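Read through the structure below, which is laid out as structure tokens, and then see the notes.
Numbering (full-length UniProt numbering), first residue to last: 1 to 850.
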């Protein structure tokens, strides 16, 4: 889920309510509480800021395009590193923003502000229809066929509450420049045929059932607990005439009643060049972009007067005058756990960027890690109120701050709001001290996370900064602020305790709130099922046998119409670009077995097998991979519990036991990110990443924390202290998460499929949600018994002993070694102590049949 990772500096739980037209788009809406792209602002920059607003483009290209049509509005730098140039056409009003991100790929984001005041889902509908052909290329799928010829990985799009964005990525600039005008022709001049609407949006089948790509997509999420709860919250939070309360994906009833006339009027209202910003991130020259747009500009002009244009989201947002408490029922097979959302109006995304950023830092302080005030009060207790407390922010012209309590036992749902306010008021009145040391850690870590995202996802990071400005910025100073917010963060480091307490009081304690109590309901599920059966039966009766046959024939004709292949000459009219100009990132690789070692770090002196990648990076990445093959079938289910526990347990340090709270706080201070998982790549609970036979401990750190984090590896793997209390709390957190996972049909189906495909000795089999729920429930029961408690601790310790044997360990590190050596000096010495003193070094490769 790409977009989620961009938001994670503010909250690993920040979610996106994004609708995409393409098969394979990986936004799992039901997996995340909405809303959308919650924090474009969140990608805070971290380098010294350049004060200069206007300057010449760094590649020396002229400020104006073909015939002077494109005028340079401003030229800035993101993070004082990446040049960003904003141009606007004097002829059409089309805006082009070019960010000179280094690397082999070029990304394009075609962004249009959209505003809807109903639940018809017209922005989402039109997003799908765009891909069915354009005036010049009137064939479904031709855009992706041409994209493949341009060395692109297809095309895609998303719909947010306040904008729609179409995306493309190519290897090199040549293919990008060829594809861009073709894509824009689809966006500005789609065919919008009846046949396309029938198949892509909504139709009634010959069996009398409702279908269509958009319809089925919304059918899969409209009645989830997260969707119902979030929609109820924004309905209450944005009263009166306000687009922020709309369901831009479309409600099924409204989709069934949509008409072509409405959708065409939407196209003419928002899909026009004055409302379109083309964001390009990569190595491409402005003049070449303007040349590629020349024919499109001519076409726009030839269409004549477009009429007056009003920028979306300019009307005042009605105020919230009183708190509301709303009970929401959602259909569910089980009634054990529900959810609670609590929201408040936040600062303006137009005029109060500093305060909005500060509010997010405050929410992060309250919820991030197991030592945060709300996690300690609601999660890290014997009888938890929730399995997780997370936060999010919707960056609207009047923003929305909210907290999410996941997997709340139904008997505790009504208690959450009062308990929440008790905790917050204790902080506000001083009964519970605001930990300013931890606040500094939160801000500093946020800076590092932001820099990390800029390094790992520079295209998306900068694009979302610009999208925020497209929607809510008014001046070049606004864009400068969004691209360079390091001054804000540095200022926050200087803010006093009083500042944060006033922020808490103003926007949360004294502000009207909306509380949504989401209850799972079998009765609601049964009622909805019966109502749907009745509606479909009435629909069949309405059309009759002949009418249904006519509908089936209509669908068949529409399908045939949409599947007409484009002529070969249309495809070959776009030349395949050369690959010679693609520049790859330089990487030097070394292993323990390499004959030639890097002069700064000889891996042959490290006591375990190791691989080193010397790359251009500002950070150090350490991956400890542990082979789990020797773990018995009986004890294999302990792996998820063991890995999650490693980061939240007390640590033996000499003759002392360091409390888990101190361990978590120190880890937060010493790392950018630290995580454990089964498999090499990122995986979620109850899922394994690639190479699932491995368990992985990953640390990302500043170069200055190199030796400290190597010590952390030893302490986490060998010196963590298992206690019944902590293991029970962590096991309960994982088990409580099953209720959420089981509400998602795709995850349940995937879980069952893995059970059929993988043998019983695999991590895929033992980590499944259903088996983990049964196993962890039994573990919790044993931990409550004095006789069986010791048995659990011995078994989990035995699993730890197996996977941390040096024969089962391989370490991978990626860093800029020259930069690292200049900061640290001796790179080899710290690794000599990475193993526990009673472990025998072993430099053999991991032995495992794949």
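Positions of the beta carbon are idealized from the N, C-alpha and C atoms, including for glycine.
All figures in this text were calculated on a predicted structure; none of them were measured in a lab.
Candidates the options, of which the one nearest residue i by Cα
i           : options            : result
residue 557 : 506, 205, 753      : 205
residue 559 : 295, 591, 147, 202 : 202
residue 810 : 86, 628, 473       : 628
residue 384 : 348, 375, 102      : 375
residue 72  : 79, 87, 82         : 87
residue 761 : 503, 300, 630      : 630
residue 108 : 95, 148, 180, 159  : 180
residue 697 : 165, 531, 712      : 712
residue 127 : 74, 104, 271       : 271
residue 789 : 727, 208, 808, 717 : 727
residue 602 : 749, 831, 806      : 831
residue 606 : 137, 193, 844, 253 : 844
residue 208 : 537, 288, 579      : 537
Extent of the continuous beta strand (DSSP E) run through residue i
i           : result
residue 242 : Taken as a continuous stretch (DSSP letters only), residue 242 belongs to no beta strand (DSSP E), as it is neither H nor E.
residue 187 : Note, residue 187: premise wrong, no beta strand (DSSP E); alpha helix (DSSP H) at 173-188.
residue 111 : 105-113
residue 812 : 809-815
residue 407 : 400-409
residue 150 : Neither: residue 150 is in no beta strand (DSSP E) and is coded neither H nor E.
residue 700 : 694-701
residue 657 : 656-658
residue 717 : From DSSP, residue 717 is part of no beta strand (DSSP E); its letter is neither H nor E.
residue 852 : Outside the displayed span of the chain (1 to 850) sits residue 852, for which this structure offers no information.
Contact check, residue i vs residue j, beta carbons under 8 Å
i           : j           : result
residue 741 : residue 780 : no
residue 238 : residue 341 : no
residue 346 : residue 356 : yes
residue 406 : residue 91  : no
residue 211 : residue 324 : no
residue 106 : residue 280 : yes
residue 286 : residue 447 : no
residue 467 : residue 163 : yes
residue 332 : residue 743 : yes
residue 142 : residue 577 : no
residue 246 : residue 119 : yes
residue 623 : residue 459 : no
residue 377 : residue 317 : no
residue 493 : residue 434 : no
residue 321 : residue 512 : yes
Cβ separation of residue i and residue j, assumed to be a contact under 8 Å, to the nearest whole Å
i           : j           : result
residue 76  : residue 483 : 6 Å
residue 766 : residue 636 : 4 Å
residue 721 : residue 649 : 6 Å
residue 373 : residue 334 : Actually they do not touch by this definition, with Cβ atoms about 30 Å apart.
residue 642 : residue 771 : Contact flag wrong, Cβ pair sits at about 16 Å.
residue 337 : residue 284 : Not quite, the Cβ-Cβ distance comes to about 50 Å (not below 8 Å), so this is no contact.
residue 724 : residue 647 : So it is not a contact: roughly 18 Å between Cβ atoms.
residue 806 : residue 827 : The pair is not a contact, with the Cβ atoms about 20 Å apart (cut-off 8 Å).
Residue environment, residue i, which counts as buried when at least 16 other CB atoms sit within 10 Å
i           : result
residue 445 : buried
residue 616 : exposed
residue 125 : buried
residue 113 : buried
residue 430 : exposed
residue 463 : buried
residue 277 : buried
residue 404 : buried
residue 417 : buried
residue 255 : buried
residue 411 : exposed
residue 663 : buried
Residue interval of the alpha helix (DSSP H) (run including residue i)
i           : result
residue 365 : 353-367
residue 766 : 763-766
residue 344 : That residue, residue 344, is in no alpha helix (DSSP H); its beta strand (DSSP E) goes 337-345.
residue 256 : 252-256
residue 321 : Per DSSP, residue 321 belongs to no alpha helix (DSSP H) and is neither H nor E.
residue 286 : 286-292
residue 777 : 769-783
residue 802 : 786-803
residue 677 : Taken as a continuous stretch (DSSP letters only), residue 677 belongs to no alpha helix (DSSP H), being part of the beta strand (DSSP E) at 673-678.
residue 638 : 638-646
Closer than 8 Å to chain C by CB, residue i
i           : result
residue 107 : Given the protein chain composition of this structure (a single chain), no chain C is represented.
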